[in-house]
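Enquirer: Sending over a structure as structure tokens; questions will come in a sec.
Protein chains: 2
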Amino acid sequence: DGQTKIQTKETYLSEVVTLDLETAKQLKGTDILKYGTPDRGSDARLYYNHVLCYDQAKKIPVWVAELITKSDLTGPANRQHSKFKMDPTLDEFFSSHNKDFLGSGWSRGHMAPAGNNKFSQQAMDETFYLTNIVPQDISNNAGFWNKLEIYVRDLTNRFSEVRVISGPLTLPTVKEGSKQFVNYEVIGNNSVTVPTHLFKVVTAENPQQPDSPIAVGAFIVPNQPIQGSAQLTQYQVKLEDLEKTAGVYFLPRLPPSKRVDLCSVDSCQLISQEALELYFIGRKLENAKTVERVDSVWKDLERRHLIPDDYLIDLYKKKRESLSTEP
Amino acid sequence: DGQTKIQTKETYLSEVVTLDLETAKQLKGTDILKYGTPDRGSDARLYYNHVLCYDQAKKIPVWVAELITKSDLTGPANRQHSKFKMDPTLDEFFSSHNKDFLGSGWSRGHMAPAGNNKFSQQAMDETFYLTNIVPQDISNNAGFWNKLEIYVRDLTNRFSEVRVISGPLTLPTVKEGSKQFVNYEVIGNNSVTVPTHLFKVVTAENPQQPDSPIAVGAFIVPNQPIQGSAQLTQYQVKLEDLEKTAGVYFLPRLPPSKRVDLCSVDSCQLISQEALELYFIGRKLENAKTVERVDSVWKDLERRHLIPDDYLIDLYKKKRESLSTEP
Ligand SMILES: [Mg+2]
Ligand SMILES: [Mg+2]
Numbered sequence: 001d002g003q004t005k006i007q008t009k010e011t012y013l014s015e016v017v018t019l020d021l022e023t024a025k026q027l028k029g030t031d032i033l034k035y036g037t038p039d040r041g042s043d044a045r046l047y048y049n050h051v052l053c054y055d056q057a058k059k060i061p062v063w064v065a066e067l068i069t070k071s072d073l074t075g076p077a078n079r080q081h082s083k084f085k086m087d088p089t090l091d092e093f094f095s096s097h098n099k100d101f102l103g104s105g106w107s108r109g110h111m112a113p114a115g116n117n118k119f120s121q122q123a124m125d126e127t128f129y130l131t132n133i134v135p136q137d138i139s140n141n142a143g144f145w146n147k148l149e150i151y152v153r154d155l156t157n158r159f160s161e162v163r164v165i166s167g168p169l170t171l172p173t174v175k176e177g178s179k180q181f182v183n184y185e186v187i188g189n190n191s192v193t194v195p196t197h198l199f200k201v202v203t204a205e206n207p208q209q210p211d212s213p214i215a216v217g218a219f220i221v222p223n224q225p226i227q228g229s230a231q232l233t234q235y236q237v238k239l240e241d242l243e244k245t246a247g248v249y250f251l252p253r254l255p256p257s258k259r260v261d262l263c264s265v266d267s268c269q270l271i272s273q274e275a276l277e278l279y280f281i282g283r284k285l286e287n288a289k290t291v292e293r294v295d296s297v298w299k300d301l302e303r304r305h306l307i308p309d310d311y312l313i314d315l316y317k318k319k320r321e322s323l324s325t326e327p
Numbered sequence: 328d329g330q331t332k333i334q335t336k337e338t339y340l341s342e343v344v345t346l347d348l349e350t351a352k353q354l355k356g357t358d359i360l361k362y363g364t365p366d367r368g369s370d371a372r373l374y375y376n377h378v379l380c381y382d383q384a385k386k387i388p389v390w391v392a393e394l395i396t397k398s399d400l401t402g403p404a405n406r407q408h409s410k411f412k413m414d415p416t417l418d419e420f421f422s423s424h425n426k427d428f429l430g431s432g433w434s435r436g437h438m439a440p441a442g443n444n445k446f447s448q449q450a451m452d453e454t455f456y457l458t459n460i461v462p463q464d465i466s467n468n469a470g471f472w473n474k475l476e477i478y479v480r481d482l483t484n485r486f487s488e489v490r491v492i493s494g495p496l497t498l499p500t501v502k503e504g505s506k507q508f509v510n511y512e513v514i515g516n517n518s519v520t521v522p523t524h525l526f527k528v529v530t531a532e533n534p535q536q537p538d539s540p541i542a543v544g545a546f547i548v549p550n551q552p553i554q555g556s557a558q559l560t561q562y563q564v565k566l567e568d569l570e571k572t573a574g575v576y577f578l579p580r581l582p583p584s585k586r587v588d589l590c591s592v593d594s595c596q597l598i599s600q601e602a603l604e605l606y607f608i609g610r611k612l613e614n615a616k617t618v619e620r621v622d623s624v625w626k627d628l629e630r631r632h633l634i635p636d637d638y639l640i641d642l643y644k645k646k647r648e649s650l651s652t653e654p
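Residue numbers (the numbering used here), protein chains in the order written: chain R, 1 to 327; chain B, 328 to 654.
Pasting the structure below:
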């Protein structure tokens, strides 16, 4: 009948008070939580160019969301100017510290990549906040995961809006008979969780074509070295399988009927190992501070018989020229 | 200067628009999260006599909060009438199922205990929702944890308001050299987390004495069999150590200056093993449905040389009488 006998301070005061169930539960809840609602800090945190939810227990993010457009990918920002540091907006009590990572054998892996924020030094700097960082296998970070990030950036050549949600997972990986176990390392004084896997949920669209479906791809990648020959599609999963294990609906306002499989409308092809090498050479050229460094990077390229593309040749020439003419 | 160059749809439309930083981040965030904010379901969930936060990834609660007063502990509710079942207010996609527990070797352990809800069958029934349940070691559930629950109830004899927050933890328990690992089992098709530990945060007060400090105790108990002789104080921890590892501030609105150590103002003495045996006999008597059952329970008590208190003797007599006179 919508009325209830929940004991609340109001019913202690006057036994004739009757309340509808929801109001009564609210009052009781307020009394139970007299000293505040325990808060695991699940609010979305806003930055210049990403939004994230932080896991105060694991000391790593739950998810980090970005919108990438072509214009974000060029500009003056330089990762050499950025420093890994504690997020000034996070309570230090629940933060990881740089010291937790150092000597652990694990690299500080970005979820929102620095390279998606070339348009703004401030946006790039914020990706170095430790709220955006997980302990990541070094080879995975520089290799397969890096290629995935490059593929996501490359989508902006074919889709004007690319959204990506990245994050860590701790999945069952150990079997003993019919039993299953989750097992993961924690590092440093703050017991920072080393995830067993990393995920990305990618949506890509050209919103000027309003009736076309949104391309969606979900990927789960083990946090370990991955063969250079591995294909991205090997790591594709059903979005709902990821959602169930992560405990999160990632695209709550995108009805399944409006989704199309990313890998059926785009290649889901990662760049080759050789192209990745050229990418690293490009980064080294960008960061070179002397003509000698430029020349030695270029000699390394030639020694390894890598074939530079026009962009790289142009970068080499410009960099060499600008460093030569500096006083 | 409070202005910013974050790219938002507004700045695409008109390059002269300038926004304060927070507004710009809000707009950008809305654009990033075009398909909704990924939600790990951290809202507090209200029930008749408890409030909880559910972990959609682990399929167990994060914390369960209660307010216990003396009058809650007597009444007509009977756990024989309650059934473990899925919480009808939780999305089934993220729920554990009874089937996950069956045959796993783990019991379904209440966080808000059924026994704190004798005043209302409805409140008791809600403690059997699987949102309030964790896979718990059977002996721990019936033994040490049960004694802790009884101690918390007993506090209502000395404090008119007792609040308790209970929940599971997955703590590092495995060391290899200098490395530390978290290792825990997951059970069933829904990979329900078996916590390594359980915690309770207890506050106790007599609010009619408004200036007296609030007694606070925090306890972490391994999810395994615990010796009958173990003392509660062996498992007491600093609240802030629990908060750091759980990633939760449990009493955000209770300033440390108003807290006093529970175990310094109350005994923190658990009942003896013998008293626990008598407690179980009381429960069996309450649930007995025939005179034969009452007599066999009582014979068991005598055979084991347990000394019943007045309450138990009275319960035995009344139960025997009522069952004898029934048609
Ligand atoms: Mg990286
Ligand atoms: Mg129990």
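Every residue, glycine too, gets a C-beta built ideally from N, C-alpha and C. On a predicted model such as this, the values are computed, not experimentally measured, just so you know.
If you run the structure through DSSP and keep just helix, strand and coil, what is R/S14?
Expert: With a pLDDT of 47 at R/S14, under the threshold of 50, the predicted position of this residue should be treated as unreliable, though the coordinate-derived value follows. Note: R/S14 maps to coil in three-state DSSP.
Enquirer: Taking R/H50 as the query, report the chain B residues whose CB atoms sit under 8 Å from its CB, ordered along the chain.
Expert: Result: I359.
Enquirer: Quick check on the burial criterion: 16 or more other C-beta atoms within 10 angstroms. Buried or exposed for R/T290?
Expert: So R/T290 ends up on the exposed side.
Enquirer: Does the structure place the segment 47-67 of chain R close enough to the segment 106-123 of chain R that three or more beta carbon pairs sit under 8 Å?
Expert: Cβ pair count under 8 Å is three or more, so yes.
Enquirer: With a CB to CB cut of under 6 Å and the five nearest residues on each side skipped, what residues in its chain are close to B/S487?
Expert: Contacts found: N533.
Enquirer: Pull out every residue of the segment 346-357 of chain B whose Cβ sits closer than 9 Å to any Cβ of chain R, in chain order.
Expert: For the segment 346-357 of chain B, which is checked against every Cβ of chain R, the residues closer than 9 Å are L348, E349, A351, K352, Q353, K355, G356.
Enquirer: Looking only at its chain, what residues have a beta carbon closer than 6 Å to the beta carbon of R/S139, apart from the 5 residues adjacent to it on each side?
Expert: P225, listed in sequence order.
Enquirer: Based on the DSSP secondary-structure assignment, which residues constitute the bridge partners of R/W63?
Expert: R/C53.
Enquirer: Thinking C-alpha only, which one of B/L457, B/K645, B/A573 is nearest B/I492?
Expert: Selected option, being the one with the closest Cα: B/A573.
Enquirer: With a threshold of 16 other CB atoms inside 10 Å of the CB of B/K445, please say whether the residue is buried or exposed.
Expert: Result: buried.
Enquirer: Would you please state the rounded distance, in angstroms, between the beta carbons of R/L52 and B/Y362? I believe it to be under 8 Å.
Expert: 16 Å between Cβ atoms; not a contact.
Enquirer: I need the straight-line Cα distance from B/K385 to R/K299, nearest angstrom please.
Expert: About 52 Å.
Enquirer: In the DSSP assignment, find the alpha helix (DSSP H) that holds R/F101 and state where it starts and stops.
Expert: Looking at the DSSP string, the run of the alpha helix (DSSP H) that includes R/F101 is 98-101.
Enquirer: Please state the DSSP three-state secondary structure of R/I226.
Expert: Coil.
Enquirer: State yes or no: is the C-beta of R/H50 nearer than 8 Å to some heavy atom of ligand 1?
Expert: Because no heavy atom of ligand 1 lies under 8 Å away, the Cβ of R/H50 does not count as near it: no.
Enquirer: From the beta carbon of R/R153, is the nearest beta carbon of chain B less than 9 Å away?
Expert: No, R/R153 lies away from the interface with chain B (no Cβ there is under 9 Å from its Cβ).
Enquirer: For B/K646, count the other beta carbons within 10 Å of its own beta carbon; 16 or more makes it buried, fewer makes it exposed. Which is it?
Expert: The residue in question, B/K646, is buried, as its Cβ has 16 or more Cβ neighbours within 10 Å.
Enquirer: Less than 8 Å separating the Cβ of B/P440 from some heavy atom of ligand 2?
Expert: Yes, since a heavy atom of ligand 2 falls inside the 8 Å radius drawn around the Cβ of B/P440.
Enquirer: Looking at R/A215: is its Cβ nearer than 9 Å to the Cβ of R/D261?
Expert: Yes, the pair counts as a contact, with Cβ atoms nearer than the cut-off.
Enquirer: Listing by chain order, which chain R residues have their CB less than 8 Å from the CB of B/D382?
Expert: Chain R residues near B/D382: G247.
Enquirer: Could you check the C-alpha separation between R/L239 and B/S599 for me, to the nearest Å?
Expert: Distance between the alpha carbons of R/L239 and B/S599: 52 Å.
Enquirer: Is the segment 419-436 of chain B close to the segment 455-473 of chain B, with three or more CB pairs under 8 Å?
Expert: Cβ pair count under 8 Å is three or more, so yes.
Enquirer: Going by other Cβ atoms of all chains shown within 10 Å of its Cβ, with 16 needed for buried, is B/G329 buried or exposed?
Expert: Residue confidence for B/G329 is low, a pLDDT of 46 falling below 50, so the modelled location carries little weight; the figure read from the coordinates is stated next. Exposed, by the Cβ-count rule.
Enquirer: Return the residue from the list B/L650, B/P579, B/D399, B/E570 that minimises the CA-CA distance to B/D481.
Expert: For the residues B/L650, B/P579, B/D399, B/E570, the minimum Cα distance to B/D481 belongs to B/D399.
Enquirer: What's the call for B/E613, buried or exposed, on a 16-neighbour Cβ count within 10 Å?
Expert: B/E613 should be labelled exposed.
Enquirer: Go through its chain and collect everything with a Cβ distance to R/T69's Cβ below 8 Å, but skip five positions before and after it.
Expert: Contacts found: T156, S160, E161, V162.
Enquirer: Check distances from the C-beta atoms of the segment 171-201 of chain R to those of chain B and list, in chain order, the residues that come in under 7 Å.
Expert: Listed in sequence order: P172, K179, Q180, F181, V182, N183, Y184, E185, V186, S191.
Enquirer: Check whether the Cβ of B/N472 lies closer than 8 Å to any heavy atom of ligand 1, and answer yes or no.
Expert: As written in the sequence, residue 472 of chain B is Trp, which differs from the Asn given in the question. Answer for B/W472: no, Cβ out of range of ligand 1.
Enquirer: Output the distance between the C-alpha atoms of B/N443 and R/K28, rounded to the nearest integer angstrom.
Expert: Approximately 15 Å, taken between the alpha carbons.
Enquirer: How far does the beta strand (DSSP E) with B/V624 in it reach, from first residue to last?
Expert: Run containing B/V624: none in the beta strand (DSSP E); it sits in the alpha helix (DSSP H), 618-630.
Enquirer: So what does R/L46 bridge to, in DSSP terms?
Expert: Answer is R/V51, bridged to R/L46.
Enquirer: Any heavy atom of ligand 1 within a distance shorter than 8 Å of the CB on R/H197?
Expert: Result no, Cβ not under 8 Å from ligand 1.
Enquirer: Comparing the C-beta of B/E393 with each C-beta of chain R, is any distance below 9 Å?
Expert: Yes, because at least one Cβ of chain R sits closer than 9 Å to the Cβ of B/E393.
Enquirer: Just the Cα atoms here: how many angstroms apart are R/F144 and R/L315?
Expert: So the two alpha carbons sit approximately 25 Å from each other.
Enquirer: Would you mind reading off the limits of the alpha helix (DSSP H) that contains B/G356?
Expert: Element bounds for B/G356: 348-359.
Enquirer: Taking Cβ-Cβ distances shorter than 9 Å, what residues in chain R pair up with B/I465?
Expert: The premise fails here: B/I465 is roughly 16 Å from chain R at the closest Cβ pair, so nothing lies under 9 Å.
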